[in-house]
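Count the sequence shown with the numbering used here and you get residues 495 to 627, in order. Scroll down for the structure; my scribbles are underneath it.
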Amino acid sequence: MILGFNSVYFYFGLEPFDWFYFISFSLMVFLFVFSLVSYIHGLFVSVLYDLNVKSLLKHSYLLTIGFIVRSLLLLLIGFVYTYTLILIPILGIIIGLSGFSLLILVTLVSGYKRIQPLDEALDEEVKKILESA
């Protein structure tokens, strides 16, 4: 609700533009997205493990921090990849979007597969869900 109010307040310019408002609005949007991703990770962990609330919060925020680091790594490698495709256009025809999809798979998805208990529990949970459907 606060994010919605500040979005309307910032967008319609109820006050003249000020860098303080812009930075605080950007920070609030970032923290909102961070909390949403952490909430999803918390749901993800709570399905797989029986944890108390404190441990659940700690692990969900740790997974979110790891996800953000992997996302920043994806951005960095993605910029280099795009720059290379711009310099050598024939590579865009050869590897194009499939290379970018592979980059997303390696940087974002494989992070969860490296945690062995999480990988095994996730596979078991997916099998249970598929069998019950």
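Heads up, the beta-carbon is just placed ideally off N, CA and C, and yes, glycines get one too.
{"Item": "From Trp513, His535, Ile562, residue whose alpha carbon lies closest to that of serine 549", "Value": "His535"}
{"Item": "Helix, strand or coil at tyrosine 503 according to DSSP, with G and I counted as helix", "Value": "helix"}
{"Item": "Sequence-distant residues of the same chain with beta carbon closer than 7 Å to threonine 601, five excluded per side", "Value": "Arg564, Leu567, Leu568, Ile571"}
{"Item": "Delimiting residues of the alpha helix (DSSP H) encompassing isoleucine 580", "Value": "547 to 581"}
{"Item": "When Tyr555, Val541, Gly590 are compared against valine 531, the one with the closest alpha-carbon", "Value": "Tyr555"}
{"Item": "Whole-Å CB distance - histidine 553 paired with leucine 542, under 8 Å assumed", "Value": "Actually they are not in contact, since the Cβ atoms of histidine 553 and leucine 542 sit about 10 Å apart, beyond 8 Å."}
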